[in-house]
Every structure is written in structure tokens, then in C-alpha cells.
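Enquirer:
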Amino acid sequence: MSTTTQKPSILMLPWLAHGHISPFLELGKKLSHRDFHIYFCSTPINLKPLRDTILAQDCVPSIQLVDLHLPSDEFPQLPPHYHTTKDLPPHLMSTLKSAFNSAKSSFFDILGSLKPDLVIFDYLQPWASVAASELNINAVSENYRIAKLMNASANGYKNKERFWECMERSSNIVLIKTSRVTEGKYVDYLSELVKRKVVTVGPLLQEPANKDEEREKIAYGLELSNVGFIWVLRFHGGEDVTIHEALPQGFLQRIGDRGLVVEGWAPQAEILGHPSIGGFVSHCGWSSTLEAILFGVPILAMPMHLDQPLNAKLVVEIGVGMEVDRGSGGFRREKLARVIQQVMVEEKGKEAKRNAQELGMRMREKQKEEMDDVVEKLKQLIEHNFSVG
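Going by my numbering, the sequence shown opens with residue 176, and the numbers climb by one from there.
Here it is as C-alpha cells:
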């Protein structure tokens, strides 16, 4: 066991994106409340907001932030403020992946210094498990969904191959951010597929990254629906534009008090948990999908890319929402307005709300059991490592 603390210690290493850091941090918080000491490792630019706000506000004393410095000499075109996907120019994404892969030696030094009892690493970065194994430390992959098996190339070989390598290097178990309530049969299938025990960690909540290219269609769709709404509007990093400039001319005046447009950020969980919320228009990032179900709010799915289309299909399959048909020409304002009406007013929407509330109640009841299972499996791994180390 780590010499720095009496508690079993876990080092967590997410990919350098908010959509990965946020659920890792949520899992770290839950584990810290279950008597684990957490080392949370990322680049300084990603850890800065955690140091400034989140951990200070939440008063989580058992989470220690650990800086991982990417090799700067090898990648002069990638200064430290670009050691994150936030505001990263698209043409530098492959460079960031390469720099992250090249940080193995630094990560190895961190492991050698901290001597954690276990490493939890993100999918698609098998080098983290390699570094851990060289120090006889068990490593477990935390995953999202099988939909993450993408075909895009990354540093010479496909993400699909990196995924399978991570699965093979995960010590006995794989953690996956989902709930058996929504994906039980798929979890069992994935267990057989990867030859590892897949352990669900429940809905670790994070904010999805919205895109603004469909902004005008969404605006007109909300206007045509004639229902009240809260719209959280985000702009790309560095985009110097106001809400008035971004929205169709006269939109705010026409909707009046019926709608509220919020720039940048809003307390999504608090809003979804409010009894007056009757539906959630979402691109169906997995975290937001789980969050809506958890609070019993039917989903109006407008998927864009990555795993979002598959998540939207699941929303429809389990009866907790409806998908806006994008057709060959993209989303249309009339179709969005129609689906809003169906969810908010018609019987289909009432049925979706009943289904979402039922599943949400079951998920809430299941959360403690799932986290108990996670804790038990992690402790077994740590204890096993002691007995053979």
C-alpha cells in the first residue's frame, strides 16, 4: 500500500478533454468518500480550474492533484496552454495525442514517486497500463460505451486497435460509465467480448460540449413550439460574439418571458431536477443522456456525431424520449417544433416521461449498489496485488 497514506490509493489519468476529466473527477469524488486516496493526474492547464474552484468548493481532502508535463522540446508547436482539447486548433489535435503518448516516461516517474496501489486510465491510452505494469501496479481501464469503437486513425494505428489493447491490459475488470438499468444486456455482451468483468459505475455526470452550427434552427424550432424553455448557449473558444448577435434578429423580443437564454454555463443538474421541466433538448452526449434519465426528464434527441446517434437510438428504444429526424438536409425547425409539441403536450410525451421517471427511480436505487460493487472490485484488485507483489 502507498507509504504516503493509510488509505488505499488510486491514481486516475483521463484523456485531456473536459468530457473525460469531468466523469473521472466525479468517480474520484465518489471513491474519496469511500475511503480511497485519489491522485488526479492531468496537465497543469486542465488542473487549473480544479485548483481554483471545484475541489476547493467541494472540500474533497482525499483528492490530490498531480501535474503531468508533456514533452515540450519534441512538440514546440504545442505550448502548455494547448495541452488540453479546450480551445485547441483542430489541426493540432493529432499533435496533442502524440505529445500525450510521449508523456509515458514522465508518467512512469510519477508512478514511481507516488506508488499508488492502483491506476485507473482512460480508454485509448494503453501506454498508461504499460507504465504501471513495469512497476507491478494493477491498472484498470475506465470506458464509456462500445460505441466508442471509432475508426479514426490516431498516431499510426486505429482507435479500435487502441481500444482492444486497453481492454487486454485492464487488470481483470473494466469500469464503464453506464447503468445496468439502461444497458444491462449490452454490458453482459461486452464482458464476453473483452473477456473482462465489466463493472458499471453509474451515471458519472459531466456537461456535454454543444456545437453552435444548428443554432438558428434550434432558435426557430423553440419559437415555433410555443412552449417555455431555458436554452444554454455556448460559443467556441475565442469567438467574440454576443447572444443578441448569435440569435436570429428579433428572437429575444418575440419569445419575451416565455424563454430564457443563458450564455456559457448553467446548473444543468439543478434545472433538470426541477419539477417544472418537461423535456430536455440534447445532442445526447452520454453523460447528459444518463443525467436526464436520472431526473426522469424525457429527451428530445438531436444527435450530431461520435456516440451521440447511437445514444439517441437507445433513448428511443427504451422509451424515454424521441429523436428529431435530421433527414438528408439536416435538422429542420418545423421537425424540432413538432417533436417538442409531442413530448410536452401529447400522449407520447406523457409515456416517455413515465418511462424516464421509472428508469430514473431504478437508477437512483441502483447507484449505491453499483458503487459498492466498484469499491469491492477495486479493493480486491489492490489486495491481490499485495499478495503476489
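Here a beta-carbon is modelled for each residue, glycine too, at the ideal position from N, C-alpha and C.
Under three-state DSSP, which class holds residue 438?
Expert: Residue numbering aside, residue 438 sits at position 263 when the sequence shown is read from its first letter. Three-state DSSP puts residue 438 in a strand.
Enquirer: Give the straight-line distance between the Cα atoms of residue 535 and residue 484, rounded to the nearest whole angstrom.
Expert: The residue you call residue 535 lines up with position 360 of the sequence shown. The residue you call residue 484 lines up with position 309 of the sequence shown. Distance between the alpha carbons of residue 535 and residue 484: 21 angstroms.
Enquirer: Which partner residues does residue 400 have in the DSSP bridge list?
Expert: Position 225 of the sequence shown, counting from 1, holds the residue named residue 400. BP columns for residue 400 are empty, so no partner.
Enquirer: Which one or two residues does DSSP pair with residue 313 in a beta bridge?
Expert: Start at 1 with the first residue of the sequence shown, and residue 313 comes out as number 138. Residue 313 pairs with 293.
Enquirer: Going by the DSSP bridge assignment, what does residue 408 pair with across the sheet?
Expert: Here the question's residue 408 lines up with position 233 in the sequence shown. 438.
Enquirer: Is it true that the CB of residue 259 sits closer than 8 angstroms to the CB of residue 313?
Expert: Here the question's residue 313 lines up with position 138 in the sequence shown. Here the question's residue 259 lines up with position 84 in the sequence shown. In this structure, residue 259 does not lie closer than 8 angstroms to residue 313 by Cβ.
Enquirer: Buried or exposed: where does residue 458 fall if 16 or more other Cβ atoms within 10 Å of its Cβ makes it buried?
Expert: For the purposes of this step, residue 458 is taken as residue 283 along the sequence shown, with counting starting at 1. So residue 458 ends up on the buried side.
Enquirer: Strictly by DSSP, which residues pair up with residue 375?
Expert: As a first step, residue 375 must be located in the sequence shown, where it is residue number 200. Beta-bridge pairing links residue 375 to 351.
Enquirer: So, residue 275 versus residue 245, is the Cβ gap smaller than 8 angstroms?
Expert: Taking the sequence shown and counting its residues from 1, the one referred to as residue 275 is at position 100. Taking the sequence shown and counting its residues from 1, the one referred to as residue 245 is at position 70. Between residue 275 and residue 245, the gap from beta carbon to beta carbon is short of 8 angstroms.
Enquirer: Would you mind reading off the limits of the alpha helix (DSSP H) that contains residue 457?
Expert: What you label residue 457 is simply residue 282 of the sequence shown in a count that begins at 1. Premise fails: residue 457 lies in the beta strand (DSSP E), 455-457, not in any alpha helix (DSSP H).
Enquirer: Using the beta-carbon count (16 or more within 10 Å), is residue 346 buried or exposed?
Expert: Translated into positions along the sequence shown, residue 346 becomes position 171. With a threshold of 16 other beta carbon atoms within 10 Å, residue 346 meets it and is buried.
Enquirer: Would you grab the beta carbon distance between residue 452 and residue 436 for me? Rounded to a whole angstrom, and I think it's under 8 angstroms.
Expert: Looking up residue 452 in the sequence shown gives position 277. Looking up residue 436 in the sequence shown gives position 261. 16 angstroms between Cβ atoms; not a contact.
Enquirer: Count the other C-beta atoms from every protein chain shown that fall within 10 angstroms of the C-beta of residue 310, then say buried if there are 16 or more, exposed otherwise.
Expert: Reading the sequence shown from its first residue, position 135 is the one you call residue 310. Under a 10 Å Cβ-count criterion, residue 310 is classified as exposed, with fewer than 16 other Cβ atoms of the shown protein chains found around its own Cβ.
Enquirer: Report all residues from its chain with a CB closer than 7 angstroms to the CB of residue 532; omit the five preceding and five following residues, and keep chain order.
Expert: For this step, residue 532 is matched to residue 357 along the sequence shown. Once the five neighbours on either side are set aside, the close Cβ partners of residue 532 are 471.
Enquirer: Whose C-beta lies closer than 6 angstroms to the C-beta of residue 538 among residues of the same chain, with five residues either side of it excluded?
Expert: Taking the first residue of the sequence shown as position 1, residue 538 is located at position 363. Correct list, in chain order: 354, 356 and 469.
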